[in-house]
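Read the structure below first, then the notes.
2 protein chains.
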Amino acid sequence: MLKFDVLRTDGHARRGRLTLNHGVVETPVFMPVGTYGTVKGVTPASLETMGAQIILGNTFHLWLRPGLDVLRQFGGLHRFEAWQRPILTDSGGFQVWSLGEMRKISEEGVKFASPVNGDKLFLTPETSMQIQHVLNSDIVMQFDECTPYETKGHITTEKEARVSMELSLRWARRCLDEFGRLENPNALFGIVQGGMFENLREESLASLVELDLPGYAIGGVSVGEPKEAMQRIVAHTPHRLPDAKPRYLMGVGTPEDLVEGVAAGVDMFDCVMPTRNARNGHLFTRFGDLKIRNAKHKTDERPLDPTCGCPTCAQFSRAYLHHLDRCNEMLGPMLASVHNLHYYVNLMREIRAALDDGTFTAYARQFASDRARGID
Amino acid sequence: MLKFDVLRTDGHARRGRLTLNHGVVETPVFMPVGTYGTVKGVTPASLETMGAQIILGNTFHLWLRPGLDVLRQFGGLHRFEAWQRPILTDSGGFQVWSLGEMRKISEEGVKFASPVNGDKLFLTPETSMQIQHVLNSDIVMQFDECTPYETKGHITTEKEARVSMELSLRWARRCLDEFGRLENPNALFGIVQGGMFENLREESLASLVELDLPGYAIGGVSVGEPKEAMQRIVAHTPHRLPDAKPRYLMGVGTPEDLVEGVAAGVDMFDCVMPTRNARNGHLFTRFGDLKIRNAKHKTDERPLDPTCGCPTCAQFSRAYLHHLDRCNEMLGPMLASVHNLHYYVNLMREIRAALDDGTFTAYARQFASDRARGID
Numbered sequence: 008m009l010k011f012d013v014l015r016t017d018g019h020a021r022r023g024r025l026t027l028n029h030g031v032v033e034t035p036v037f038m039p040v041g042t043y044g045t046v047k048g049v050t051p052a053s054l055e056t057m058g059a060q061i062i063l064g065n066t067f068h069l070w071l072r073p074g075l076d077v078l079r080q081f082g083g084l085h086r087f088e089a090w091q092r093p094i095l096t097d098s099g100g101f102q103v104w105s106l107g108e109m110r111k112i113s114e115e116g117v118k119f120a121s122p123v124n125g126d127k128l129f130l131t132p133e134t135s136m137q138i139q140h141v142l143n144s145d146i147v148m149q150f151d152e153c154t155p156y157e158t159k160g161h162i163t164t165e166k167e168a169r170v171s172m173e174l175s176l177r178w179a180r181r182c183l184d185e186f187g188r189l190e191n192p193n194a195l196f197g198i199v200q201g202g203m204f205e206n207l208r209e210e211s212l213a214s215l216v217e218l219d220l221p222g223y224a225i226g227g228v229s230v231g232e233p234k235e236a237m238q239r240i241v242a243h244t245p246h247r248l249p250d251a252k253p254r255y256l257m258g259v260g261t262p263e264d265l266v267e268g269v270a271a272g273v274d275m276f277d278c279v280m281p282t283r284n285a286r287n288g289h290l291f292t293r294f295g296d297l298k299i300r301n302a303k304h305k306t307d308e309r310p311l312d313p314t315c316g317c318p319t320c321a322q323f324s325r326a327y328l329h330h331l332d333r334c335n336e337m338l339g340p341m342l343a344s345v346h347n348l349h350y351y352v353n354l355m356r357e358i359r360a361a362l363d364d365g366t367f368t369a370y371a372r373q374f375a376s377d378r379a380r381g382i383d
Numbered sequence: 008m009l010k011f012d013v014l015r016t017d018g019h020a021r022r023g024r025l026t027l028n029h030g031v032v033e034t035p036v037f038m039p040v041g042t043y044g045t046v047k048g049v050t051p052a053s054l055e056t057m058g059a060q061i062i063l064g065n066t067f068h069l070w071l072r073p074g075l076d077v078l079r080q081f082g083g084l085h086r087f088e089a090w091q092r093p094i095l096t097d098s099g100g101f102q103v104w105s106l107g108e109m110r111k112i113s114e115e116g117v118k119f120a121s122p123v124n125g126d127k128l129f130l131t132p133e134t135s136m137q138i139q140h141v142l143n144s145d146i147v148m149q150f151d152e153c154t155p156y157e158t159k160g161h162i163t164t165e166k167e168a169r170v171s172m173e174l175s176l177r178w179a180r181r182c183l184d185e186f187g188r189l190e191n192p193n194a195l196f197g198i199v200q201g202g203m204f205e206n207l208r209e210e211s212l213a214s215l216v217e218l219d220l221p222g223y224a225i226g227g228v229s230v231g232e233p234k235e236a237m238q239r240i241v242a243h244t245p246h247r248l249p250d251a252k253p254r255y256l257m258g259v260g261t262p263e264d265l266v267e268g269v270a271a272g273v274d275m276f277d278c279v280m281p282t283r284n285a286r287n288g289h290l291f292t293r294f295g296d297l298k299i300r301n302a303k304h305k306t307d308e309r310p311l312d313p314t315c316g317c318p319t320c321a322q323f324s325r326a327y328l329h330h331l332d333r334c335n336e337m338l339g340p341m342l343a344s345v346h347n348l349h350y351y352v353n354l355m356r357e358i359r360a361a362l363d364d365g366t367f368t369a370y371a372r373q374f375a376s377d378r379a380r381g382i383d
């Protein structure tokens, strides 16, 4: 099931509430990424404490490991990974695309060699739906072909993007059929493709809307394109999607991207950036980003961000985090991941509060100026 | 300051209470190892929750990184690593010994090249005391020479062990002088050496007791000797130490070693085993040890140990921990470290309860039989 209520709007921006089989999600929302059934370096308890409402899992990765037998035995991903709140699973389309030369795409689906053990595998819209049915994720993504920004060394042409987009549309219909056949009680989202071409995005969107899916995503961004191209598509597509349905911008992005996405009408975001950057010592704060490896932090007794309410900032100094990083101590990425995810989750909480109060424009302005100030 | 009360005895075993500048420690106690100012992969909050009462830090490592300037600025190790309860710091003797050919020992101290940046360094009894004074650890260990089990390819002879033990004694006196000169408000422990020779152990012990130190350790075990040799020394030395003072067996050991150590009169233990083994997928349980990498755990829905009260066993299955291990996910060693440390801390809690109740012998018998049963 999926129920979506738009509680308030401000321009294209929306404050909403999404009700799913495993709970309620206040939107706009950031969804931490838990590819292999774990948000890297963070416990479920810690995610709950910081206020994460819904996390991601990945069809492709979980199919390979632990495999469907184990996940079926556990009745899905929730019990396996000890996460009681909603889960969204990506379909595997993006990961298969990431395999590059290791995969072969046909009308039927995608053939590839398992990166784990070399086994020959075949992922189709139907198998993706079957896997996600076993995962019992609250939101199931359609299997799509993620149109790359570059194809065979050149920028993807409109013709190439159209071929890819139309394949994803045919796959969307097959996904919907299989999802229905399986009597999956959760919600299937379609994915708008069309590369960097507004006309293709509109065609994709129109055809997906005809399928009357419970939610829609914008895919094929954050795939190597220049920032301006991404911003152009993010400004173009979200508000053209049906008002009454949730809109999910896949794989985006920086804190600035999230605020822009909300202004453009996006309700849901996911990105590996907070956890991946944390493991590289790149930390987000209200006043700009900070590289903890930098020698200037060696003696700094201050927390990463004095305005932050996360457990890392409550207890530890920059000097200590710098020390952990220098010594390659595991606690370093652990504390950094909690901080960065808390930053993203809290940013969305602040955005929701601003939308509730009708002060989103002022909030976005203050956000941009705070972030641009740079952290001292 | 240090105050030690023996509350109850059972044969050589003692139930005690150690009062230090940063708090009270109920003994017998296991002390998690936090070499570089962090117990690997575990937050201070998690250590507090599991009931860890005192943790270790290492003089040698912390001297190199973050260095004394940073630690002095923070007023010591407690605030730097956000741990409010007592800390014991090892003197650096064992670590300098571990450097092998990279170090040169003289009467004055040990010259070596920094394993971090190659800098030429000189560690003496006096510098070790000065560093530990900056660290402000509740228990300061004397700088000693750890007598190896093997010397230059042969088993260390009694003559070699005597030379080494006598050097450690002279260093103990220099440590005590420097500790006094610095007016360190904490407590200095002497370390009994003497290799695998009971007569040397007794000489070392007698000379250290003359110094009237507030506590004594047994060093130079767990240095490559056969298990029987270690057990022989552990059975020999502890109860010969002054009854009124705490006794610390350094770097030991398995759960079985701890129970034997308590029976032999030891009050304090430390070992890297719970955290190091956790990172290698070796897990301790009441009913024997378990290798989580083993394929038989792939579909096992049970917790590691159904009798364990740790957060890992409360939430996660063996199948999930097996999956995390197979995928090299950071959450794997995190959850395993919490479990193993909880196992050690809880083992000591159970031992203390048995001593309180006068049932230690029965407890030790049940422990041995449970552990020998093997986990299914």
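Going down the list, the protein sequences come from chains A and B.
Numbers given in our numbering equal positions in the first sequence, counted from 1, plus 7.
Numbers given in our numbering equal positions in the second sequence, counted from 1, plus 7.
Every residue, glycine too, gets a C-beta built ideally from N, C-alpha and C.
Note that the structure is a prediction, hence the values are computed from the model and not measured.
Point to revise | Ordered list of alpha helix (DSSP H) runs contained in the region 304 to 361 of chain B, each at least 4 residues | key: 318 to 322, 325 to 333
Check your understanding: Any contact of the region 340 to 350 of chain A with the region 308 to 327 of chain A, i.e. 3+ C-beta pairs under 8 angstroms?
Key -> yes
Review point. Any beta-carbon of chain B closer than 8 angstroms to the one on G202(A)?
Key: The residue you call residue 202(A) lines up with position 195 of the first sequence. Taking Cβ atoms only, chain B never reaches closer than 8 angstroms to G202(A), which makes this a no.
Point to revise | As assigned by DSSP and simplified to three states, the class of D219(A) | key: Mapped onto the first sequence, residue 219(A) falls at position 212. D219(A) sits in coil when the DSSP states are folded into three classes, being neither helix nor strand.
Exercise for review: Starting from the beta carbon of C334(B), find every residue of chain A whose beta carbon is closer than 7 angstroms, and list them in chain order.
Suggested key: Counting from 1 along the second sequence, the entry for residue 334(B) is found at position 327. Within 7 angstroms Cβ-Cβ: Y43, R72.
Practice item. Give the interface partners of P340(B) over in chain E, defined as CB-CB distance under 8 angstroms, in chain order. Key: No chain E is part of this structure, whose protein chains are labelled A and B.
**Study point:** Where T368(B) falls, given that 16 or more other Cβ within 10 Å makes a residue buried
**Key:** As a working mapping, residue 368(B) is identified with position 361 in the second sequence. By the neighbour-count rule (16 or more Cβ atoms within 10 Å), T368(B) is not buried but exposed.
**Study point:** Stretch-stretch touch, CB-based, cutoff 8 angstroms, three pairs: the region 83 to 100 of chain A with the region 13 to 32 of chain A
**Key:** Short answer: they touch.
Review point. My guess is that L174(B) and E152(B) are in contact by the Cβ rule of under 8 angstroms, so how many angstroms apart are they, rounded?
Key: Within the second sequence, the letter at position 167 stands for residue 174(B). Within the second sequence, the letter at position 145 stands for residue 152(B). Indeed, because the Cβ distance is near 5 angstroms, the residues count as touching under 8 angstroms.
Practice item. Using 10 angstroms around the beta-carbon of T164(B), count the other beta-carbons present and answer buried if the total reaches 16, otherwise exposed. Key: Along the second sequence, read from residue 1 onward, the residue named residue 164(B) stands at position 157. Its Cβ having fewer than 16 others within 10 Å, T164(B) is exposed.
**Study point:** Bridge-paired residues (DSSP) for D17(B)
**Key:** Taking the first residue of the second sequence as 1, we reach residue 17(B) at position 10. Paired residues: A20(B).
**Study point:** Below-8 angstroms beta-carbon distance, F67(B) vs any chain A residue
**Key:** Within the second sequence, numbered from 1, the residue matching residue 67(B) stands at position 60. Not an interface residue.
Point to revise | Nonlocal neighbours in the same chain, by C-beta distance under 6 angstroms from L2(A), ignoring five residues either side | key: Past the edges of chain A, shown from 8 to 383, lies residue 2(A), and the structure says nothing about it.
Review point. Distance, Cα to Cα, G197(B) vs E190(B)?
Key: By 1-based counting over the second sequence, the position of residue 197(B) is 190. By 1-based counting over the second sequence, the position of residue 190(B) is 183. Each residue's Cα considered, the two are about 17 angstroms apart.
Review point. Would V13(A) pass as a contact of M355(A) if the rule is Cβ separation under 8 angstroms?
Key: In the first sequence, counting from the first residue as 1, residue 13(A) sits at position 6. In the first sequence, counting from the first residue as 1, residue 355(A) sits at position 348. No, the pair does not count as a contact, with Cβ atoms beyond the cut-off.
Review point. For G201(A) versus M172(A), is the C-beta distance shorter than 8 angstroms?
Key: Position 194 of the first sequence holds residue 201(A). Position 165 of the first sequence holds residue 172(A). Result yes, Cβ atoms of G201(A) and M172(A) sit closer than 8 angstroms.
Check your understanding: Is E133(A) closer than 8 angstroms to R181(A) when the C-beta atoms are compared?
Key -> Along the first sequence, read from residue 1 onward, the residue named residue 181(A) stands at position 174. Along the first sequence, read from residue 1 onward, the residue named residue 133(A) stands at position 126. Cβ distance < 8 angstroms, so R181(A) and E133(A) count as in contact.
Check your understanding: If we count the other Cβ atoms within 10 Å of its Cβ and call it buried at 16 or more, is V147(A) buried or exposed?
Key -> Counting from one through the first sequence, the residue named residue 147(A) turns up at place 140. With 16 or more Cβ atoms within 10 Å of its Cβ, V147(A) is classed as buried.
Exercise for review: Evaluate M109(A) with the Cβ neighbour count: other Cβ atoms within 10 Å of its Cβ, from every protein chain shown; 16 or more gives buried, anything less gives exposed.
Suggested key: Here residue 109(A) refers to the residue found at position 102 when the first sequence is read from its first residue. When all chains shown are included, M109(A) counts as exposed.
Point to revise | Residues near P122(B) by beta carbon distance below 8 angstroms, same chain, minus five either side | key: Position 115 of the second sequence holds residue 122(B). Result list for P122(B): L71, L106, M109, in chain order.
Check your understanding: Between G160(A), H19(A), N287(A), which lies nearest to L362(A) when the distance is taken from Cα to Cα?
Key -> Along the first sequence, read from residue 1 onward, the residue named residue 362(A) stands at position 355. Checked all of G160(A), H19(A), N287(A); the closest Cα to L362(A) is H19(A).
Exercise for review: Would you mind sorting Q91(A) into buried or exposed? The rule is 16 or more other CB atoms within 10 Å of its CB.
Suggested key: Against the first sequence, residue 91(A) aligns to sequence position 84. Its Cβ having fewer than 16 others within 10 Å, Q91(A) is exposed.
Check your understanding: In its own chain, which residues sit with a C-beta less than 6 angstroms from the C-beta of M257(A), not counting the 5 before and 5 after it?
Key -> The count along the first sequence starts at 1 and reaches residue 257(A) at position 250. Result list for M257(A): A224, G226, in chain order.
Exercise for review: Answer yes or no: do W178(B) and Q149(B) have a C-beta to C-beta separation smaller than 8 angstroms?
Suggested key: Here residue 178(B) refers to the residue found at position 171 when the second sequence is read from its first residue. Here residue 149(B) refers to the residue found at position 142 when the second sequence is read from its first residue. With contacts defined as CB atoms closer than 8 angstroms, W178(B) and Q149(B) qualify as a contacting pair.
Check your understanding: Name the DSSP bridge partner or partners of D12(B)?
Key -> Position 5 of the second sequence holds residue 12(B). As a beta-bridge residue in DSSP terms, D12(B) pairs with R24(B).
**Study point:** 8 angstroms Cβ cut-off: residues of chain A touching T306(B)
**Key:** Translated into the one-based positions of the second sequence, residue 306(B) becomes position 299. Going along chain A in sequence order, the residues near T306(B) (Cβ under 8 angstroms) are D76, V77, Q80.
Check your understanding: Across which residues does DSSP place R254(A) in a beta bridge pair?
Key -> Counting from one through the first sequence, the residue named residue 254(A) turns up at place 247. BP columns for R254(A) point to Y223(A).
Check your understanding: Can the beta-carbon of L311(A) be found closer than 8 angstroms to that of L331(A)?
Key -> Translated into positions along the first sequence, residue 311(A) becomes position 304. Translated into positions along the first sequence, residue 331(A) becomes position 324. It is not a contact, given that the beta carbons lie outside the stated cut-off.
Check your understanding: Distance, Cα to Cα, P51(B) vs A89(B)?
Key -> Start at 1 with the first residue of the second sequence, and residue 51(B) comes out as number 44. Start at 1 with the first residue of the second sequence, and residue 89(B) comes out as number 82. Taking the straight line from one Cα to the other gives about 7 angstroms.
Check your understanding: Which residue spans inside the region 109 to 183 of chain B form an unbroken alpha helix (DSSP H) run of at least 4?
Key -> 132 to 142
Exercise for review: Report the option in K234(B), V228(B), R247(B), N193(B) whose CA atom is closest to the CA atom of A213(B).
Suggested key: Stepping through the second sequence from its first residue, residue 213(B) is reached at position 206. Minimum Cα distance to A213(B) is reached at R247(B).
Review point. For T96(A), which beta-bridge partners are listed by DSSP?
Key: Counted from its first residue, the first sequence places residue 96(A) at position 89. Its beta-bridge partners are G64(A), V147(A).
Exercise for review: Go to A89(A), then tell me how far its beta strand (DSSP E) extends in each direction, as first and last residue.
Suggested key: Position 82 of the first sequence, counted from the start, is the residue given in the question as residue 89(A). Element bounds for A89(A): n/a, residue is neither H nor E.
Check your understanding: Would you say G83(A) reaches chain B, if we count a Cβ-Cβ gap shorter than 8 angstroms as a contact?
Key -> For the purposes of this step, residue 83(A) is identified with residue 76 of the first sequence, where counting begins at 1. False, the Cβ-Cβ gap to chain B never drops below 8 angstroms.
Practice item. Let me know if R79(A) comes out buried or exposed under the rule of 16 or more other beta-carbons within 10 Å of its beta-carbon. Key: To locate residue 79(A), count along the first sequence from 1; it is residue 72. It counts as exposed.
Exercise for review: Using a Cβ cut-off of 9 angstroms, pull out every chain B residue sitting near L328(A), in sequence order please.
Suggested key: Counting from 1 along the first sequence, the entry for residue 328(A) is found at position 321. Simply none; closest approach about 11 angstroms.
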